[in-house]
Amino acid sequence: VRAALFAAALAAGCASQRGANVAAGEDPIAAAAGELLHIELAGNPEGARRVDCGDAVDCVAKLRRGAVDVAVVERDELEWLAPAGELVIAAELPIERSFALVSRPGASLGGDPRVAASRRFASRARGGLADLARAASIAPRPQIIDDPEARAAALATGAVDAAVFESWRRPAETSVVATVRGGRFVVATRPDVMARDRDRDAVGRASGAVSVRLEKLGDRIWAAIAAGVDPVDAARALAPPDRGPPPPLVLAVAPRHRDWTPAIERALAQRGIQVVGGDEPAAGDAALMLRAAGAAPIDGAELVAVFEGRELPPAELWSKTGLLDLAEARRILFASAHARLPAGDRPSAWRRLSDLKSARPHQTPRWLDTLINVAVAAFLIWLLALIVRARRA
Amino acid sequence: MQRRTLLLAVTAPGCVAVGILGIARPSVLNDAAGWMTATAFSSIDWFFMLTTSAMLVLGIYLAASRFGRIRLGPDDEKPEFSTASWLSMLFAAGMGTGIMYWGVAEPVTHFISAPGADPGTAAAARNALVLTAFHWGLHAWAIYSLAALVLAYYRFRKGSSYLPSAPIRMGFEGRWVAPVAFSADAIAVLAVTFGVAGSLAMGIIQVKAGVTHVSGVALDTRLSSAVVLLLLFAAYMTSAATSLDKGIKWLSNINMVLALFLVGFTLLAGPTAYLLRTFVTTVGDYGSGVVDLSLKLYPYEDSRAWLESWTLIYFIWWIAWAPFVGVFIARISKGRTIREFVLGVLLVPTGFSLFWFSVFGGLGLFEELHGVGGIAEVVSADYSQAAFTLFDRLPMTPVLSGIAISLVFIFLVTSADSATFVLGMLTSEGDMDPPRRAKLMWGVTIALLGAALILAKAEPDSETVEAVKSVAVLGAIPFTFILLIQVAAFLRALVRDFPGPKS
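Protein chains in written order, with the working numbering: chain R, 322 to 714; chain W, 17 to 519.
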């Protein structure tokens, strides 16, 4: 019924805002592409549906019936499955075997921003079949298993190839392939996986199959990023529906300055900058994100880091992670930090953030503090004496 | 010089000077008030926390002990008002501009930034409502109940006036009594004036925010603040000058109905079961956590700044209003026993506050945790917009926003009108029918102080709110000591008037 209603809506030219149904055949590549397309087109992944079909013939049949809106079919097959003009190619996936995203002419999603997104994805997937397949296995949200023991069991039984643990809870027989949040979390895998794929980075990227449940959106995004998902994809896939992807701004604050974070966040919010990301990621995390972003500001991203109270520019701290050289870190930080601040604030942008650190508890001079306390204590003793004297009288 | 003349000579110029300073040099006033409150809080936060908690313990002890049977009035005195009317009046006393202003803003603010839980998590939501309940619950009403109990006891059993100095004069002997008693009246005047002016300023911020939100016209000029203030001034001065007591009572009743409608509608139009669950959970969490919170000063954590700008400010604010609310509660409680009095004053308004915050705050938190969010962002930028943003997500938005604006406006009018009466009474040696010129003078003074606070910036922001808070509690800090001396006098009187079996 839902598919019929959906098809009717499409036929009327009004594609549902909640997402589109996608068909993808059993072929692992098509399935992977379908999964990614499902994420890309859906906006709200839970509102859309990926429909498995037996093979390309089945996919096209479903497309013709209106049971799905888009199907992933190999271009070679398409030529003999459907007469020219019957189906429209919405986008192409130029990977090992050329795949096409196909829709009905009446249900063409042309002009829909979701198709634009899929095109962008299609071009991004140019990296090759292996990357696509690996990405497909992690894109539909990390599988969430709250209980660390169940997570360990899933890893041990081969249900997943990697998992994220708090570092002290990592099963002894596993190997660490990546660290998250300055070492508080680690991505661990089994020895056989390590033997199968000696590329630690690749395993690390594929590790989003199991993640810890972290309450906040920012944390979920961190987890996905740590698992190798592109930050933009992670933000888009994990953002709650209707809010749209949050601007990928990172605010990094050293743990002991955590009490400043709300003040800094408020100040940034007043400038129209939304903050996502953990509230106390260590330098390594921030660097990880930078590296994931290709060590360059990701489209429209703001990267803001505030570390320690010293005069040390954040860029120098970033460079100490060893992942970026100083000049590059400075370029990224300052270019991004100044990008959205009002012109008048630019020269002192960092100083203004530093000023917020002065929002500490008021410090009374020691002598005055002592004097006030002695006076109040004397008052209380006097008061007590008044009451006790009345009781005796 | 007559005592009343001396009192006026001391207090009125002080208030006017602060008002003029606030208008001429707002930054100087803000810095000075901020420094004084910060110094007091950072040095003797333990004293303020201990005082308010001790008030609660003492109230419970009085209700539970043999003193609980003592009647506020002659032993055969019947209560002046029926229990239902009395409870309803206490319920009305529990409402005010504050619950409208902070109903959504405070829980959501604690949700994104407060000690006790990681911000933005489910635990933070739970923690946020407990902290809000702590600020608006038993401790606030313990302060009011003790302040009112002392006045009521001396008024109805010993025939004194409602002046804060009366218990001190009657309870102690010695050369120190006269100057301390005089100071008690003077400090009470300052506490009420600054406290009500602070509430007036905060109410104006919210009325402006509401009108801006509903109409879309940005009221971001000093002129708009001045216009709202003038309207309020005209309303409460007309009432004070023409003795429109009945009109004010009528407005108060209307307000109570509107507030009940607002909270009831929000409960029904929002996620009803969720909000009721929130209420029950908050009652439980608050009940089990109140002892811990009562003595928590975060000496080992970096949460002192938070404590000073929230918990301590609230407790001192309640003390600022104590001479004012105390007189009201005392006046309506003739003939009640101490047990009835303490339990009624502690439980009824606290229960209402918890319910109010569970509904409005709970809905704000629901939006953050399960809805489309965005409330926290609004609160971060401007507390006063929080409630109106939430109303946008309920049916009948314009009606709800209109009711909220009316509520704030009427609360302000009735509060300021009552304040002019109490100040007139305080500066007329306890005359329960104070001269009209005294009421007018205090009405002008409150408006002047309100103007000083609100006109400092064209568009009031969080800094303005902080400055308003600092000034509002300025008079209350010394009044804390007066309140303790009053309570000591009361305890002495109890022990002397009702010696136990052993004595």
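All C-beta atoms, glycine included, are put in the ideal place defined by N, C-alpha and C.
Fair warning: this is a prediction, and the values are worked out from it, not measured in the lab.
- Apart from sequence neighbours up to five positions away, the residues of its chain that approach G342 (chain W) with a beta-carbon distance below 7 Å are Y160, A163, A164 and L167, ordered along the chain.
- By the rule that beta-carbons nearer than 9 Å mark a contact, A699 (chain R) does not touch chain W.
- The stretch 496-516 of chain W makes contact with the stretch 191-202 of chain W: 3 or more CB pairs, one atom from each, lie closer than 8 Å.
- If you look at A454 (chain W), you'll find it in the alpha helix (DSSP H) that goes R452 to I470.
- S215 (chain W) is outside the set of residues whose beta carbon lies under 9 Å from a beta carbon in chain R.
- Around D690 (chain R), the beta-carbon contacts reaching into chain W at under 8 Å are S58 and S59.
- Cβ contact annotation for F407 (chain W) (same chain, cutoff 8 Å, sequence separation greater than five): T413, L416, S417 and A420, in chain order.
- L704 (chain R) has a beta carbon lying within less than 9 Å of a beta carbon in chain W.
- For the pair of segments examined, the stretch 278-291 of chain W was found not to touch the stretch 460-474 of chain W: the number of CB pairs separated by less than 8 Å stays below three.
- Membership of V341 (chain W) in any beta strand (DSSP E) is not indicated; the residue belongs instead to the alpha helix (DSSP H) covering I329 to I348.
- Within the stretch 220-294 of chain W, the runs of alpha helix (DSSP H) at least 4 residues long that lie entirely inside it are, in chain order, 238-258 and 261-285.
- Note on the stretch 403-427 of chain W: there is no whole alpha helix (DSSP H) run with a minimum of 4 residues.
- Following the DSSP letters along the chain, one finds E383 (chain W) in no beta strand (DSSP E) but inside the alpha helix (DSSP H) bounded by residues I354 to L385.
- A504 (chain W) reaches chain R at L704, L707 and I708, counting residues in chain order whose Cβ is nearer than 8 Å.
- The C-beta distance from L37 (chain W) to L45 (chain W) rounds to 5 Å, short enough to meet the 8 Å contact threshold.
- Counting C-beta atoms within 10 angstroms of its own C-beta, H151 (chain W) has 16 or more neighbours from the protein chains shown and is therefore classed as buried.
- Restricting attention to W:F506, W:F425 and W:P494, the CA atom closest to the CA of V227 (chain W) is found in W:F425.
- Per DSSP, V381 (chain R) lies in no beta strand (DSSP E) segment; the continuous alpha helix (DSSP H) that holds it begins and ends at A377 to R386.
- T685 (chain R) and P135 (chain W) have their C-alpha atoms spaced approximately 29 Å apart.
- DSSP places F486 (chain R) in the strand class (E or B) of the three-state scheme.
- When C-beta distances to chain R are compared with 9 Å, every residue of the stretch 272-283 of chain W stays at or above that value.
- The three-state secondary structure of E494 (chain R), taken from DSSP, is coil.
- The Cβ of T685 (chain R) sits closer than 9 Å to at least one Cβ of chain W.
- If the five residues before and after P180 (chain W) are omitted, its C-beta is found closer than 7 Å to the C-beta atoms of A200, D201, A204, P339, I498 and Q502, all from its own chain and listed in chain order.
- Between the alpha carbons of V307 (chain W) and G232 (chain W) lies a gap of roughly 45 Å.
- Annotation for A158 (chain W): the continuous alpha helix (DSSP H) segment containing it runs L154 to K174.
- DSSP places E395 (chain R) within a strand segment (E or B) once states are collapsed to three.
- Under the DSSP assignment, G112 (chain W) falls outside any alpha helix (DSSP H); it carries neither an H nor an E label.
- Contact check for L510 (chain W) against Y169 (chain W) passes: the beta carbons are separated by less than 9 Å.
- In the three-state DSSP reduction, I410 (chain R) falls in the strand class (E or B).
- In the same chain as R355 (chain W), and ignoring 5 residues on each side of it, the C-beta atoms closer than 6 Å to its own belong to A79 and G84, in chain order.
- Apart from the 5 residues on each side of it in sequence, S496 (chain R) sits with its Cβ closer than 7 Å to the Cβ of A509, T510, P512 and M515 in its chain, given in chain order.
- Shortest Cα-Cα distance from N269 (chain W) to any of W:G300, W:K350, W:L423 and W:G516 involves W:L423.
- Interface residue (Cβ-Cβ distance to chain R less than 9 Å): R508 (chain W) is classified as such.
- Looking at the DSSP output, R87 (chain W) sits in a beta bridge with W:T353.
- For P123 (chain W), the CB contacts under 7 Å within the same chain, skipping 5 residues up- and downstream, are A144, L145, T148, F373, G377, G380 and L381 in chain order.
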